[in-house]
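Protein chains in written order, with the numbering used here: chain V, 98 to 253; chain Z, 59 to 255.
From the three backbone atoms N, C-alpha and C, an ideal C-beta is built for every residue, glycine too.
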């Protein structure tokens, strides 16, 4: 065998080995990925039977705001608990006999003349919530909002 | 008188063959037990391959059968007669592979620059022999365990990539250890021939 052919022959064998090994590895990773995807779907289904997801809007009154979509909460949690969890504990307020009066969310205070008002939406229209935030229990897929305003007739 | 000498010579050759098969089988079994914690990484395939390459298919197959009969029976992972049967037959692939390669230009001692090429050839043959071995044994164990060849092949590399580990380790051993083992076995063969004269 000439030297040129020798090199090509060796190279071809190396490439063949590499192809076999990488194909097997790719197959292994594909199967691992498929199994992980299945496990994720099963876990998510299990989680859905134990938790709710809700959408929470925090609107600051100056036109800016932030949506917390797909906030996953345990069944039975209130709007206050859900907001506190989703903002990372950035909800502050004062507790009264009628309920908690929220004075600050995400570092933005609402101690007058603007206050943090709560709303619920059916997808097309916002409705003022007339319950204290810790007494309002969220349902599956519910859309709720916090709006910093001095006009109770305004909606987010 | 001449007949008696020829008979004795043949008898001596057979005894040497049996001794060699037993020694190499012992090496296979010993390394198999020693490498037990390393799943699917074994020197046995390389030993069987080189035996087939130097001494021919039958001695290599005998080493494969004898090693598996002992290692497969006294195995901490368990014993299964049908699986043992198929691994013995599949292990003979290495001996056959060695026998075939031994009869090509890659079977002899390489020239000064041919060592690397021969390592690549041996590694490639080792990889493909291992692939065939894995496909065969997993197909049969799939049939026995799940009644499906496909499921057997699926479990070859999943959830643990045992097939890939087996193939890559054999590629490495065939490319690096097989040439050394070949040299040793050839020296043994030459010494045996010299002692006959």
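Classify residue i as buried or exposed, calling it buried when 16 or more other Cβ atoms lie within 10 Å of its own Cβ.
i: residue 176 of chain Z; result: buried
i: residue 69 of chain Z; result: exposed
i: residue 210 of chain V; result: exposed
i: residue 202 of chain V; result: buried
i: residue 238 of chain Z; result: exposed
i: residue 174 of chain Z; result: exposed
i: residue 170 of chain V; result: buried
i: residue 104 of chain V; result: exposed
i: residue 216 of chain V; result: buried
i: residue 218 of chain Z; result: exposed
i: residue 157 of chain Z; result: buried
i: residue 215 of chain Z; result: buried
i: residue 190 of chain V; result: buried
i: residue 139 of chain V; result: exposed
Check the Cβ of residue i against every Cβ in chain V and list those closer than 7 Å, keeping chain order.
i: residue 182 of chain Z; result: 110, 113 and 114
i: residue 179 of chain Z; result: 110
i: residue 185 of chain Z; result: 114 and 117
i: residue 229 of chain Z; result: 114
Identify the contact partners of residue i in chain Z, using a Cβ-Cβ distance below 8 Å as the criterion.
i: residue 121 of chain V; result: 215, 219, 221, 222 and 225
i: residue 124 of chain V; result: 215
From residue i to residue j, what distance separates their C-alpha atoms?
i: residue 71 of chain Z; j: residue 251 of chain Z; result: 9 Å
i: residue 75 of chain Z; j: residue 117 of chain Z; result: 8 Å
i: residue 245 of chain Z; j: residue 113 of chain Z; result: 12 Å
i: residue 110 of chain Z; j: residue 79 of chain Z; result: 11 Å
i: residue 223 of chain V; j: residue 238 of chain V; result: 15 Å
i: residue 180 of chain V; j: residue 246 of chain V; result: 18 Å
i: residue 249 of chain V; j: residue 198 of chain V; result: 15 Å
i: residue 116 of chain V; j: residue 160 of chain Z; result: 25 Å
i: residue 135 of chain V; j: residue 203 of chain Z; result: 23 Å
i: residue 232 of chain V; j: residue 177 of chain V; result: 8 Å
i: residue 236 of chain Z; j: residue 243 of chain Z; result: 10 Å
i: residue 223 of chain Z; j: residue 106 of chain Z; result: 19 Å
i: residue 185 of chain V; j: residue 132 of chain V; result: 32 Å
i: residue 156 of chain V; j: residue 210 of chain Z; result: 57 Å
i: residue 205 of chain V; j: residue 144 of chain V; result: 33 Å
i: residue 87 of chain Z; j: residue 133 of chain Z; result: 11 Å
i: residue 62 of chain Z; j: residue 254 of chain Z; result: 15 Å
i: residue 193 of chain Z; j: residue 73 of chain Z; result: 36 Å
i: residue 137 of chain Z; j: residue 197 of chain Z; result: 18 Å
i: residue 243 of chain V; j: residue 236 of chain V; result: 17 Å
i: residue 152 of chain V; j: residue 194 of chain V; result: 28 Å
i: residue 231 of chain Z; j: residue 101 of chain Z; result: 7 Å
i: residue 149 of chain Z; j: residue 119 of chain Z; result: 8 Å
Quick one: grab the DSSP three-state call for residue i.
i: residue 196 of chain Z; result: helix
i: residue 61 of chain Z; result: helix
i: residue 183 of chain V; result: helix
i: residue 217 of chain V; result: strand
i: residue 191 of chain V; result: strand
i: residue 162 of chain V; result: strand
i: residue 244 of chain Z; result: helix
i: residue 203 of chain V; result: coil
i: residue 127 of chain V; result: helix
i: residue 250 of chain V; result: coil
i: residue 208 of chain V; result: strand
i: residue 75 of chain Z; result: helix
i: residue 256 of chain Z; result: Here chain Z has residues from 59 to 255 only, and residue 256 of chain Z is not among them.
i: residue 147 of chain V; result: coil
i: residue 118 of chain V; result: helix
i: residue 237 of chain Z; result: helix
i: residue 233 of chain V; result: coil
i: residue 197 of chain V; result: strand
i: residue 175 of chain V; result: strand
i: residue 244 of chain V; result: strand
i: residue 222 of chain V; result: coil
i: residue 89 of chain Z; result: helix
i: residue 168 of chain V; result: strand
List, in order along the chain, the chain Z residues whose C-beta lies closer than 9 Å to that of residue i?
i: residue 214 of chain V; result: Neighbours of residue 214 of chain V on chain Z: none; closest Cβ ~53 Å, over 9 Å.
Kindly list, in the order they appear in chain V, the residues whose Cβ is closer than 8 Å to that of residue i.
i: residue 175 of chain Z; result: 103, 106 and 107
Using a C-beta to C-beta distance shorter than 9 Å, which residues of chain V count as neighbours of residue i?
i: residue 189 of chain Z; result: 117 and 121
Chain A beta carbons: is any one of them nearer than 9 Å to that of residue i?
i: residue 132 of chain V; result: The structure shown contains no chain A; its protein chains are V and Z.
Let me check you understand the geometry: is the CB of residue i closer than 8 Å to at least one non-hydrogen atom of the ligand GDP?
i: residue 154 of chain Z; result: Inclusion of the ligand GDP in the displayed structure is not the case, the ligand content being empty and no account of it being possible.
At what residue ranges does the segment 132-204 of chain Z contain a whole run of the alpha helix (DSSP H), taking only runs of 4 or more? 139-160 and 173-204
What are the complete alpha helix (DSSP H) segments, minimum 4 residues, inside the segment 97-138 of chain Z? 102-113 and 115-131
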